[in-house]
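This report concerns only the one structure given below.
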Amino acid sequence: MLRWTVHLEGGPRRVNHAAVAVGHRVFSFGGYCSGEDYETLRQIDVHIFNAVSLRWTKLPPVRPTIRGQPPVVPYMRYGHSTVLIDDTVFLWGGRNDTEGACNVLYAFDVNTHKWSTPRVLGTIPGARDGHSACVLGKTMYIFGGYEQLADCFSNDIHKLDTSTMTWTLICTKVCTPALFSSPAPA
Numbered sequence: 066m067l068r069w070t071v072h073l074e075g076g077p078r079r080v081n082h083a084a085v086a087v088g089h090r091v092f093s094f095g096g097y098c099s100g101e102d103y104e105t106l107r108q109i110d111v112h113i114f115n116a117v118s119l120r121w122t123k124l125p126p127v128r129p130t131i132r133g134q135p136p137v138v139p140y141m142r143y144g145h146s147t148v149l150i151d152d153t154v155f156l157w158g159g160r161n162d163t164e165g166a167c168n169v170l171y172a173f174d175v176n177t178h179k180w181s182t183p184r185v186l187g188t189i190p191g192a193r194d195g196h197s198a199c200v201l202g203k204t205m206y207i208f209g210g211y212e213q214l215a216d217c218f219s220n221d222i223h224k225l226d227t228s229t230m231t232w233t234l235i236c237t238k239v240c241t242p243a244l245f246s247s248p249a250p251a
């Protein structure tokens, strides 16, 4: 039996966030909330919703390493995308008010809650936000978004083969209907 739950405590109040479902959990990354400070650089928020207990938890910030090196964690952002491949969430793009748009790929292990920045090859997409992403097999596809350096909305499709960590720009063709291909009013 399906039912609506009207109010859940502790959840993120965000728009333009990105989320993935992993079993009975939903991981929500970043997003925008009016009234919050987006000019101070800080780590991205990660909230986890448990669909069984109907409870939200927020992961604590990642601490610096023993040597005092800053941790590998994406900065707070909105307009980014996430996809799940095996036990890894790949986070791409997004922006904040200080750094602008980002073109660094981040990987988040859903079991250890650790971040990394995989070394990528190929034609890396320009920094963007507001794009969409999906997965087919072990390949992540991104489409569109606002590309910061070009200062325009993109119509490009890029794919990331996660078995080789190689980005490829997909050459698309505009398909126009053939002359006299369908009956149309004159």
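Okay, so the sequence shown: first residue is 66 according to our numbering, each after it adds one.
Quick reminder that beta carbons are idealized off the backbone N, C-alpha and C, glycines included.
Just so you know, these numbers come straight off a predicted model, no measurement behind them.
Boundaries (first-last residue) of the beta strand (DSSP E) holding residue i
{"i": "Val185", "result": "From DSSP, Val185 is part of no beta strand (DSSP E); its letter is neither H nor E."}
{"i": "Tyr206", "result": "Thr204 to Phe208"}
Member of the options whose CA lies at the smallest distance from the CA of residue i
{"i": "Trp69", "options": "Val80, Arg107 and Leu119", "result": "Leu119"}
{"i": "Ala83", "options": "Val137, Leu106 and Ala198", "result": "Ala198"}
{"i": "Leu201", "options": "Pro139, Ala166, Asp151 and Glu101", "result": "Asp151"}
{"i": "Gly210", "options": "Thr182, Arg160, Val127 and Ile235", "result": "Arg160"}
{"i": "Thr182", "options": "Arg128, Arg132, Thr122 and Pro136", "result": "Pro136"}
Alpha carbon of residue i to alpha carbon of residue j, nearest angstrom
{"i": "Arg184", "j": "Glu164", "result": "21 Å"}
{"i": "Phe92", "j": "Arg79", "result": "13 Å"}
{"i": "Gly187", "j": "Thr233", "result": "6 Å"}
{"i": "Tyr206", "j": "Gly75", "result": "32 Å"}
Contact check, residue i vs residue j, beta carbons under 8 Å
{"i": "Tyr97", "j": "Asn81", "result": "yes"}
{"i": "Gly158", "j": "Asp194", "result": "yes"}
{"i": "Val154", "j": "Val175", "result": "yes"}
{"i": "Leu124", "j": "His178", "result": "yes"}
{"i": "Gly191", "j": "Leu225", "result": "no"}
Exposure of residue i, with buried meaning 16 or more beta-carbon neighbours within 10 Å
{"i": "Val87", "result": "exposed"}
Closer than 8 Å to chain B by CB, residue i
{"i": "Asp102", "result": "Chain labels in this structure do not include chain B; a single protein chain is all it has."}
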